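Accompanying notes for the structure given below.
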Amino acid sequence: MRSISLIFKQFSKTVLLLACFTVWGVSAKAQGDATKGEATFKSAGCTSCHKIDTRMTGPALGPVISSDTDDKWLASWIHDSQALVKAGDKKAVDIFNQFGQTPMPAFPQLSDGDVSDILAYVRADWKKIQEDQKKAGPAAGAVTEDKGPSNLAVYALIGVIIIALVVILVLNKVVATLERLLEGKRLLPVEEEAVAEESADKYALLKRIIKNKKLVFFILFCGTVAMSSWTWVILWDTHVPQGYQPVQPIKFPHDLHAGVMQIQCQYCHTGAYKSKNASIPSLNVCMNCHKVVKTESPEIHKIYDALGYDPATQKYDSLKARPIQWIRIHNLPDFAYFNHSQHVKVGGIKCQQCHGPVETMKEVYQYSPLTMKWCIQCHKRTDINMKGNAYYENMIAVHDLIKKGVKVTPAQLGGIECGKCHY
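Throughout the sequence shown, residue numbering follows mature numbering (1 follows the signal peptide of the UniProt record, and there is no 0), covering -28 to -1, 1 to 395 in sequence.
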């Protein structure tokens, strides 16, 4: 009996010990600090490849980490994912193949505590996102369907039309009755005679005006001046679409990018500094940021559609790609030569001098008239800064050679530059 009691005590101790280890393991898992985890998540560079609720280079972490309770394996993966892949770990190999065998950077500098904090942050943030989605309801963010005018409005409009027709019919009846009364009292012929006399007086007045040669000359002179002025203004403003502001296929807010974000014009319009044309930025420039930023925006999805890009799989389908039909705003005549680099790089002209305060424009419009007179006035008024400008320094050097009587060739004046003939 005593031996049974001892065996029972040993068994109880073992069970209690296992229970303590289990509780300790669960509590250790729950001890991660979400606040510290958020800071570590951002400082360690996790945000460059991951989001909590959206797939980027790597998977959306929220659903993955919340469904995987093996924190020890997750810590091993974060510390060195390739070690698990090389060791043949099935879960690691499956993830590695799922994401195109793109290796995840190793993070040996993160301690187990740091990893626990990151996991706690991801789980807490994912739980918060799910709760917010439940509160918002299934229709959150849905576009309101345009159902057209209500039935009540349609019926009201029909009623107004019917009432108007009735009023018109009643008025016609009243007018017809009055005319019959006037005819009975023989008042209508008198009225017609009065109208005829008035018409005769008008024609007489018109005849007197025509016979007045000074008045006729004055009217013709004023008409000629007015028509000439109108013709001059119309011809002067022909093909001068100042203020032209077409609706573009994608709403690109310059006030946000160039104004709030202070992105330089040349980041998108790379040709302005080195070419004749400022160039329309290709969509890969947009994707430098918007592969990650504002991925939920309908306007950004227009870029995805044009590229044949699927944000869920992060793959491109060239068969679905199609060009965006941008509408040109600034369009010079074919006979006018304008070189952006000559003005931007050599002349040091700011973009706003011609294009206006683009950094404040929600939608770009033609700010300047871009006429020959406007260009000539600018060329007359703008001061040239020759200091530190290789182009003008070369011109001065050639001018000094000419004054000394030295032979100067077209090559020294830039005559063998490609752009002199080929542009």
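All C-beta atoms in this analysis are idealised placements derived from N, C-alpha and C, irrespective of residue type, glycine included. Nothing here was measured: the structure is a model prediction, and the numbers come from that model.
Thr7: member of the alpha helix (DSSP H) spanning 6 to 15, first to last residue. Within its own chain, the residues whose Cβ lies closer than 6 Å to the Cβ of Glu10, once the five positions on either side in sequence are excluded, are Tyr93, listed in chain order. A distance below 7 Å separates the beta carbons of Val330 and His226.
Closest option to Pro295, judged by alpha-carbon separation, among Gln338, Ala136, Ile275, Tyr363: Ile275.
Note on Gln214: under 16 other CB atoms within 10 angstroms of its CB, so exposed under the neighbour-count rule.
If you keep only unbroken alpha helix (DSSP H) runs of at least 4 residues inside the segment 287 to 319, you get nothing at all. Residue environment for His211: exposed (fewer than 16 other C-beta atoms within 10 angstroms of its C-beta).
A direct Cα-Cα distance of roughly 52 Å separates Phe307 from Gly30. Nearest neighbour of Lys223 by Cα position, chosen from Thr12, Ala230, Ile272, turns out to be Ile272. Thr19 and Asp355 have their C-alpha atoms spaced approximately 48 Å apart. Nearest to Met233 by alpha-carbon distance, out of Phe193, Tyr363, Thr332, Tyr309, is Thr332.
Residue pairing from DSSP places Tyr281 in a beta bridge opposite Tyr288. Counting along the chain, the unbroken alpha helix (DSSP H) around Ile67 starts and ends at 62 to 70. Here the segment 276 to 283 does not lie against the segment 318 to 326, with fewer than 3 beta-carbon pairs under 8 Å apart. Fully enclosed alpha helix (DSSP H) runs of no fewer than 4 residues occupy 237 to 240, 255 to 262, 270 to 279 of the segment 197 to 281, in order along the chain. Burial of Arg95 is indicated by the presence of at least 16 other C-beta atoms within 10 angstroms of its C-beta. With contacts defined by Cβ atoms closer than 7 Å, Asp84 and Ala47 form a contacting pair. Annotated three-state conformation of Ile388 is coil, per DSSP. Look at Ala32 here: in three-state DSSP terms it is coil, with no helix or strand label. Scanning Phe13, Phe68, Ser39, Trp202 for the CA closest to the CA of Asp86 turns up Phe13. The C-alpha of Gln220 lies about 19 Å from the C-alpha of Ser340.
In the structure shown, Thr354 falls within a coil segment according to DSSP collapsed to helix, strand and coil. Apart from sequence neighbours up to five positions away, the residues of its chain that approach Lys246 with a beta-carbon distance below 8 Å are Ser313, Lys317, ordered along the chain.
Taking C-alpha positions only, His315 is separated from Ile348 by approximately 14 Å. By the CB criterion at 7 Å, Gly4 and Asp97 fall outside the cutoff.
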